[in-house]
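Numbering (UniProt numbering), first residue to last: 19 to 494. All residues carry an ideal CB built from backbone N, CA and C; glycine is no exception. This report refers to the structure that appears directly beneath it.
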Amino acid sequence: FLLIKYVFSDDESSAESGDLSELVESKPLPIPPLLEDLDPDPNKSEFHLTAQQGTSEILDGVESETLGYNGNILGPVIRVHEGEKVKVKMKNNLEEATTLHWHGLRVDGENDGGPHSGIMPGETWEPEFTIEQPAATLWYHPHMMEKTAKQVYEGLAGLFYIEDEVSESLAIPKEYGVNDFPLVIQDRKMDASGNMEYSPNMTDMMRGLYGNAFLVNGAISPYLEVPKGMVRLRILNGSNGRTYNFSLDNSQKFYQIASDGGFSEQPIEMATIRLSPAERAEILVDFSQLETGEKISLINTASNLVDSASDSDDDAEIKELMEFVVTDKESGVNEIPKQLTEIEPIDPSSAVKTRKFIMEGMGTSLTINDKTMDMSRIDEEVDLNATEIWEVSNQGAGKNGGMAHPFHIHGVQFQVLDRDGNPPPANESGWKDTVLLQPGETIRLITTFKNKGVFMYHCHILEHEDAGMMGQYEVQ
Ligand code: C2O
Ligand code: CU
Ligand code: CU
């Protein structure tokens with residue numbers, strides 16, 4: 019598995035990410051450990067996390083400084099069950115304040131881990147919540163004001179799986195690390211010495227950071243041995259700024275079975291899937307028709323040139339993210355269920371209110387409804403248990419009129435009613451918490467606000483979020 023990787027970028031404005039031409043020996047895909055539940059009661063769980071500094075050998079023979087939860091980079095997978103009471107003890111061993119946000123989780127504001135829940139160095143934060151939503155692949159990451167981009171970039175992110183009776187009874191791959199694999203996809207700016215210090219240039223600040231190295235679970239171009247049968251991949255776009263179009267290099271089709279907030283009603287056959295920052299997808303790939311030893315790559319076919327600000331940063335030739343090597347092991351699952359779950363559509367006529375949000379990006383001025391984030395200001399007041407329609411527009415004007423923005427709401431999962439008046443694509447018809455808006459596009463989404471407290475909504479390009487493309491709503 020010796021691969022010669024020419025990792026480079028010709029973005030002249032960022033000398034630190036110049037030509038690496040690095041020899042990287044392809045390593046097995048790192049599989050994050052499942053975090054141990056310390057509570058013996060089957061209806062309760064207790065998890066301990068520590069945010070800490072470390073080093074990781076991302077390029078061969080050199081150590082990069084990284085951050086991780088309970089380790090050097092990224093974090094363990096936390097797995098919980100619907101109905102379970104969860105307690106977390108999160109210790110901050112960093113030299114700076116951080117928070118721990120549960121992205122996609124329905125919790126009260128005080129347990130959500132947004133920018134109001136700062137944990138000082140040496141301190142511990144102990145959120146508690148009950149899981150009140152269906153099976154899904156969520157994630158956790160820091161959310162300090164103006165520090166989110168840097169801390170996520172340096173390695174702080176992990177997956178949070180919810181299981182329920184549906185996920186446990188379906189005949190789909192569900193053996194962690196055997197036929198059910200997490201894939202956290204991130205790009206980083208790195209030089210040959212392994213330095214991946216967070217130092218966005220002007221283009222990164224405007225567009226969101228794009229890196230010259232692609233990491234899957236913290237490794238460059240890893241390989242994964244897969245059984246000859248059905249394999250489930252839980253993909254998180256954990257990148258700061260980049261949107262991907264994922265495909266397989268043999269043009270094989272796959273089946274999306276879940277979006278951000280859980281299963282779709284039926285599997286959706288696809289050849290390529292677009293994920294913007296923070297979006298997740300679970301897909302089933304059928305390796306049964308391939309030869310033992312055959313290698314298939316997961317590739318990114320998205321063009322790097324997403325807007326006028328990205329003049330010279332064309333690294334379109336780096337496409338391969340990782341490789342699957344087919345073994346002769348059985349996966350135990352060789353078919354795709356026809357029906358996965360049922361999703362009750364929220365009736366638009368039950369909405370008591372329609373709110374409008376206009377996202378606007380002009381150079382480094384990034385606003386929602388003409389405002390940048392102010393932690394002391396509540397932008398929207400929502401009644402507890404109210405159903406509302408949020409109409410979100412990406413005002414595609416000005417110098418950076420070409421920018422797309424992924425809109426995310428804390429504390430809820432929503433349904434997309436329409437995109438520019440048309441029904442959403444099949445893979446956006448289920449539960450979502452983040453949705454990408456192309457320039458000029460308007461999306462209507464609907465949800466019921468069942469949890470109390472102060473929550474964020476924001477663009478999930480982390481450089482945009484840190485620049486203030488964020489607002490607060492309070493449910494009471
Ligand atoms: Cu991924 Cu404000 O969250
Ligand atoms: Cu979130
Ligand atoms: Cu944005």
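Item	Value
Taking the C-alpha atoms as reference points, what is the distance between V344 and L308?	7 angstroms
Please state whether the Cβ-Cβ distance between P424 and H478 is less than 9 angstroms.	yes
Report yes if the CB atom of F264 is closer than 9 angstroms to the CB atom of I203, and no otherwise.	yes
Should L53 go down as buried or exposed, given a rule of 16 or more other Cβ atoms within 10 Å for buried?	buried
Distance check for L242 and F342, CA to CA, integer angstroms please.	5 angstroms
Does DSSP put P200 in a helix, in a strand, or in coil?	strand
With C-beta atoms as the reference, is T452 less than 9 angstroms away from S294?	yes
State the Cα-Cα distance for the pair L302 and F272, rounded to the nearest angstrom.	6 angstroms
What ranges does the beta strand (DSSP E) occupy inside the UniProt domain "Plastocyanin-like" (377-493), keeping only unbroken runs of at least 3 residues that lie completely in it?	383-386, 398-400, 405-413, 423-427, 433-437, 452-455, 460-466, 471-477 and 488-493
Is S328 buried or exposed, if buried means 16 or more other CB atoms sit within 10 Å of its CB?	A caution first: S328 carries a pLDDT of 43, below 50, which makes its placement in the model unreliable, though a value can still be read off. Classification of S328: buried, given that the 10 Å Cβ count is 16 or more.
According to DSSP, what are the bridge partners of G256?	DSSP, once it has assigned bridges, lists no residue as partnering G256.
For K62, does the three-state DSSP call read helix, strand or coil?	strand
Would you mind sorting N387 into buried or exposed? The rule is 16 or more other CB atoms within 10 Å of its CB.	exposed
Taking the alpha-carbon of K470 as reference, which of H482, N445, S411 and E399 has the nearest alpha-carbon?	E399
Do the segment 110-117 and the segment 147-156 touch if we need at least three Cβ pairs shorter than 8 angstroms?	no
What are the residues that DSSP puts in a beta bridge with K109?	T68 and T142
Considering only their Cβ atoms, is the gap separating D205 from N235 smaller than 9 angstroms?	no
Can you tell me whether A104 is buried or exposed? The criterion is at least 16 other CB atoms within 10 Å of its CB, across all chains shown.	Looking at the sequence shown, residue 104 is not Ala but Val. Counting Cβ neighbours within 10 Å, V104 comes out buried, since at least 16 surround it.
Within its chain, find whatever has a CB closer than 8 angstroms to the CB of M350; leave out the 5 residues flanking it on each side and keep chain order.	Sequence check: residue 350 is Gly here, not Met. Counting only Cβ-Cβ distances below 8 angstroms, and skipping sequence neighbours, we find P191, E193, N197, P245 and G247.
Output needed for V106: all residues of its chain with C-beta closer than 6 angstroms, excluding positions within five of it in sequence on either side, in chain order.	F65 and P145
Which term fits A299, buried or exposed, when burial requires 16 or more other beta carbons within 10 angstroms of its beta carbon?	buried
What does the alpha-carbon distance come out to for the pair Q456 and D57?	45 angstroms
For a test of your reading of the model: does the CB of G279 fall under 8 angstroms from any non-hydrogen atom of ligand 2? Yes or no.	no
Among all residues, which have a Cβ less than 6 angstroms from at least one non-hydrogen atom of ligand 2, and in what chain order do they fall?	H119, H121, H426 and H428
What's the C-alpha gap between M214 and M208?	5 angstroms
Given R260, which residues of its chain have a CB within under 6 angstroms of its CB, disregarding the five upstream and five downstream residues?	D205 and Y228
For ligand 1, is there any heavy atom lying closer than 8 angstroms to the beta carbon of E172?	no
Can you say whether L402 is buried or exposed, counting buried as having 16 or more other CB atoms within 10 angstroms of its CB?	exposed
Only counting the same chain, and skipping five residues up and downstream in sequence, which positions put a Cβ closer than 8 angstroms to that of S288?	The amino acid at residue 288 is misidentified as Ser; the sequence shows Met. K271, F272, Y273, Q274, I301 and N445.
Looking at I407: is its Cβ nearer than 9 angstroms to the Cβ of P355?	no
Looking only at its own chain, which residues have a Cβ that is under 6 angstroms from the Cβ of G489, when we skip the five neighbours before and after it?	I386, D397 and Y475
Rounded to the nearest angstrom, what separates D130 and T310 at their Cα positions?	45 angstroms
Could you check if A320 is buried or exposed, using at least 16 other CB atoms within 10 Å of its CB as the buried criterion?	buried
So, is R252 buried or exposed, given that buried needs 16 or more other C-beta atoms within 10 angstroms?	buried
Please tell me whether, using a cut-off of 8 angstroms, the distance from the CB of E128 to the nearest non-hydrogen atom of ligand 1 is below it.	no
For D484, does the count of other Cβ atoms within 10 angstroms reach 16, so buried, or fall short, so exposed?	buried
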